[in-house]
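Protein chains in written order, with my numbering: chain P, 1 to 321; chain H, 1 to 293; chain X, 1 to 287. So the structure is just underneath, and the comments pick up after that.
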């Protein structure tokens, strides 16, 4: 088996990420080219005269070939110039930062709950394979995974917000006054996101923990007279985690997509909802900015997850003798 | 080593594959029956549904369930039951088409690069990796948003976005078969690559393809439902479950049925697909191919 | 009762059942056996005869799908089946140790060799400091003939060859100088060099210490090299037990005869010059 050293692997992944971002920018640029009309018409609206349209087109150099315009656009982005929003008439960049921050906050909180919850449930299921708790858990997580997040969200709102009045139905985070408010407002979206993510990690943790508990090294650890806690947490758990970490990494990237729908359900002012609304309004610079920022977040999450998986695997961390 | 029998060797025919369905776990069999029921409802929708899906009963919005409207009516006075029944057509057609598209294109691509190997494989894998490192939902929103949402476009987009996932898995399955004697024999007989892929490899990765198709069906249904909910799926007045949930959620206090019916339909459908996937995965999954059990 | 003074481990009328599909099946039937102090007892038999189950029971392992239906297992006068987990733990590693068949798989992949030794030593002697732990681990590793013991402590199990992993597993089992060492096919699947090294080490150990060993193997040729006595196990029972040469030269049970007849003749007998003087001459064994 040929194993490359970690730094090289990381550099490769990093290069791949930059390449992915570049491809995303190409896709984002070409996709909006497909929208009906051109930028001048969108800026000036329906009542624009032919003369004013022509003037603006010359000013914006819209008749230049597409590759040239792409290069100019990308050049601007690299310098932080995402253009001006057509709807809000403000620089896109000033918008994106705040929205990205809120999306990361929601996603981060969801992950923060997700990691201990799903691993814990997985270990619980592994404690007595095919026991009552194991079967009940498998059934519950399978159903949780099968219900679309928009359905989960709406029913959580109905039940916990409207009927029981435990949480606010909408995550209007701008009105939060304290950190407690933030948690209170984000509870439902976070629960919704966890519904879909839990199943996979629980199953991976369960299966790999069951395997590991049957392994020779766990048996030998207890035959060497080590304490059960040490056997469990030092010998079994770290070795069972690798598939769970892979699954969490997949979930973290799923989160970037899942968050779009959840943001819309809870009216949460994040990048996902921003993207959806800008597409509705054909607000091209905003679409480009939001799509790029969201993709960058996704790619970054993947990169971090990849590197984390690498670092946690001693077989990859060290070269074979 | 000029053993002629090698040249005549044909691909192994795995015994018992024909009866594979009988060996499915009970849960998967039940799920299969549920899926058949869904298909029957979708096909017979015009016969089963009490009313046409878009018929508006003026003056009766938000009717509670009654003998006339078993699940009540929605905000426009349309029969929720009929719309839910017709909605199964939309989602099964779109989800099935998307999964079929990704399984067939991804399957062919995976077999081809897995069989040819070399530089082609290396380059193709890198490209697939890059495509997979872009979030599908953004991809889909951009494409559907730019070209204008419609059911066929959404199905094709969702299907194409899953091609890399299928191709990767099928490639791996192909690689484990490609080095076997009957492939060497076929090559020695002078069969073309295309013929080898279709006649020799395909029968041996069928199990993998079935599992992938099943996985992609569940995934596509959820994805398409989500897009429909966001308003980027089938357009009004189509009876589409995602769209129905979106239309009904603002008035959920007036009546829960316009949301609950399609939501339940969706949840049960995906649960059945997932259970079925679990079953076929146990039959044809890597464990079986690796000969573990 | 004088026997008990000689015997370190005594198994009396032991019957062990396994549960399979809701039904209990006996894998060990009415088995009696004693490992004497300071001896190497060989336990031979084909795979599936219950050897590994017996080894596991002797280590006091308990499993849900297994039960001791009858009989007792006593280690130095202590009934293992009645011990509480905590008391059992105090025996394990210290007085009772196992060398597994697959040494590589018995080393936790995420831990460095140094940590494996440190935790094993520390489990029973919590006051040892880092330097003492490392020195002790180095001593054990050089005893089993591992090259560069100092460097080895900082490495992970997968960075060693299969033979080296087996030596490390052996060193780990020996690091507290147990009273009874149970070896479960320790040389099966190893290359000739490793096998030779392990067997020589065991012979040396036996001469220099009073350690008792139970050597479980299906390989009579290996057993004949190091064991004082041998027990032949077949279908969950001991069909014959006695001095090595008695059993090999004058097998009484038909199964033993078949087993002895199947010792590969192609393998040259060990060179008498290499054997310690205390060992009997190989001619007598394979004659």
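Just so you know, even glycine gets a beta-carbon here, dropped at the ideal spot from N, CA and C.
- Below 9 Å between beta carbons is the criterion; list the residues of the stretch 196 to 226 of chain P that meet it against any residue of chain X, in chain order. 215, 216, 217, 218, 219, 220, 221, 222, 223, 224, 225, 226
- Item | Cβ neighbour criterion (16 or more within 10 Å) applied to residue 182 of chain X | buried
- For residue 91 of chain P, three-class secondary structure by DSSP: strand
- Message: Check whether the stretch 79 to 87 of chain H and the stretch 144 to 164 of chain H are in contact - that is, three or more C-beta pairs closer than 8 Å.
- Response: no
- Which of helix, strand or coil does DSSP assign to residue 58 of chain H? coil
- Bridge-paired residues (DSSP) for residue 75 of chain X: X/9, X/78
- Message: Once DSSP output is grouped into helix, strand and coil, what is the label at residue 282 of chain P?
- Response: coil
- Task: Under 8 Å by Cβ, that's how I've got residue 258 of chain P and residue 99 of chain P pegged, so tell me the actual separation to the nearest angstrom.
- Result: Residue 258 of chain P to residue 99 of chain P, Cβ: 17 Å. No contact.
- Item | Residues near residue 230 of chain P by beta carbon distance below 8 Å, same chain, minus five either side | 221
- Return no unless some Cβ of chain H is closer than 9 Å to the Cβ of residue 10 of chain P. no
- Query: Is the CB-CB distance between residue 55 of chain X and residue 180 of chain X below 9 Å?
  - Reply: no
- Task: List the whole-angstrom C-beta distance separating residue 110 of chain H from residue 217 of chain H, where the pair is believed to meet the contact cut-off of C-beta under 8 Å.
- Result: About 18 Å separates the two Cβ atoms, so there is no contact after all.
- Message: For residue 115 of chain X, tell me which candidate among X/89, X/11, X/153, X/146 has the shortest Cα-Cα distance.
- Response: X/153
- Anything in chain P within Cβ reach of residue 147 of chain H, meaning under 9 Å, just list it in chain order. 31, 34, 35
- Extent of the continuous alpha helix (DSSP H) to which residue 221 of chain X belongs: 220 to 226
- Alpha-carbon to alpha-carbon, residue 8 of chain P and residue 266 of chain X: The predicted model places residue 266 of chain X with a pLDDT of 47, which falls under 50 and marks its position as unreliable, so this point remains unresolved.
- Starting from residue 133 of chain X, find everything on chain P with Cβ-Cβ shorter than 7 Å and list it in chain order. The contacting residues do not exist; residue 133 of chain X stays about 14 Å from chain P at best.
- Task: For residue 225 of chain H, count neighbouring Cβ atoms within 10 angstroms of its own Cβ and tell me buried if that reaches 16, exposed if not.
- Result: buried
- Chain-order list of residues whose beta-carbon lies under 6 Å from that of residue 92 of chain P (same chain, five-residue window excluded): 82, 83, 85, 285, 286, 289
- DSSP state of residue 112 of chain X, grouped into three classes? coil
- Message: Extract the residue ranges of the alpha helix (DSSP H) inside the stretch 144 to 174 of chain X, only unbroken runs of 4 or more that lie entirely within it.
- Response: 149 to 153, 162 to 174
- Query: Could one say the Cβ of residue 16 of chain X lies closer than 9 Å to chain P's Cβ atoms, at least one of them?
  - Reply: no
- Task: Let me know the secondary structure DSSP gives residue 64 of chain X once reduced to three states.
- Result: coil
- Item | Secondary structure of residue 185 of chain P, DSSP reduced to three states | helix
- Please confirm if the stretch 117 to 134 of chain H is in contact with the stretch 74 to 85 of chain H, defined as three or more CB-CB distances below 8 Å between the two stretches. no
- Query: Can you find a C-beta in chain X that's less than 9 Å from the C-beta of residue 2 of chain P?
  - Reply: At residue 2 of chain P, the pLDDT of 49 sits below 50, so the modelled position is not reliable; the number obtained from the coordinates is stated separately. Judged by the 9 Å Cβ criterion, residue 2 of chain P is not in contact with chain X.
- Item | Partners in chain P for residue 136 of chain H, counting only beta-carbon separations shorter than 7 Å | 257
- Item | Coil, strand or helix - residue 237 of chain X by DSSP | strand
- So what's residue 235 of chain P in DSSP terms, helix, strand or just coil? helix
- Applying a beta-carbon distance threshold of less than 9 Å, which residues of chain X neighbour residue 230 of chain P? 119, 123
- Query: At least one CB of chain P closer than 9 Å to the CB of residue 94 of chain H: is that the case?
  - Reply: no
- Message: Measuring only the C-alpha atoms, how far is residue 229 of chain H from residue 21 of chain X?
- Response: 49 Å
- Query: Do we get a CB-CB distance below 9 Å when we pair residue 271 of chain H with the residues of chain P?
  - Reply: yes
- N-terminal and C-terminal residue of the alpha helix (DSSP H) that residue 216 of chain H is part of: 202 to 230
- Same chain, Cβ closer than 8 Å to residue 199 of chain X, five either side skipped, listed in chain order: 187, 222, 225, 226
- Message: One question on the structure: do residue 156 of chain X and residue 133 of chain X come within less than 9 Å of each other, judged by their Cβ atoms?
- Response: no
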